[in-house]
Amino acid sequence: SSSSSSSLPIREEIRYIAGRRALLLHPPPTPSSSSATTNNNNPPLVILGGMAQSIANWEYHLPHLSKHRSVLIYETLGQGPPPPSEVCSVDGKEVTLQQYYGNVSLERQGLDF
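Numbering (this note's numbering), first residue to last: 443 to 555.
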């Protein structure tokens with residue numbers, strides 16, 4: 443069981459970059475130093491998911507994708523949950539994004555433009 447745990451990527455906590463969730467993984471440590479050096483020389487893989495994709499959609503693929511390189515998954519606007527503290531201004535009042543997106547009427551959309 444220790445050999446299977448050592449082949450898992452090194453996973454950092456989900457962080458926020460520019461107000462959006464992101465997850466960074468690093469290749470698993472290898473016993474051979476030459477292999478570890480090769481891992482460090484590979485460019486990172488940056489994943490920008492498509493519509494309705496979030497970090498959770500990539501979980502199954504991460505062990506394979508991060509075998510030899512670092513992987514950054516970034517959720518763009520509309521993907522994943524909004525940051526709990528993110529607020530915006532509507533008619534001079536601060537509201538959370540959940541409140542803001544609660545009204546998707548044409549009138550509300552017209553005010554945004």
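For glycine and all other residues, C-beta sits at the position ideal for the given N, C-alpha and C.
Item: Taking the alpha-carbon of T518 as reference, which of T538, H506 and M493 has the nearest alpha-carbon?; Value: M493
Item: Measuring CA to CA, which of P505, I456 and E455 is closest to S449?; Value: P505
Item: Kindly list the residues whose CB is nearer than 7 Å to the CB of S496, restricted to its own chain and excluding five residues on each side of it in sequence; keep chain order.; Value: E517, Q521 and G522
Item: Could you work out which residue in N545, L514, E536 and V537 is closest to I489 when comparing CA atoms only?; Value: L514
Item: Contact check, P473 vs P451 under 8 Å by CB: the rounded distance?; Value: Their Cβ separation, rounded to whole angstroms, is 16 Å, which puts P473 and P451 out of contact at 8 Å.
Item: So L465 is in the beta strand (DSSP E); what residue range does that whole segment cover?; Value: R462 to H468
Item: Taking its Cβ as the centre, do 16 or more other Cβ atoms sit within 10 Å of S547, making it buried, or is it exposed?; Value: exposed
Item: Could you name the residues of the same chain whose beta carbon sits closer than 7 Å to that of S455, not counting the 5 residues immediately before and after it, in chain order?; Value: In the sequence under discussion, the amino acid at residue 455 is Glu, which differs from the Ser named in the question. Excluding residues within five positions, none has a Cβ falling inside 7 Å.
Item: I497 by DSSP, collapsed to three states: which one?; Value: helix
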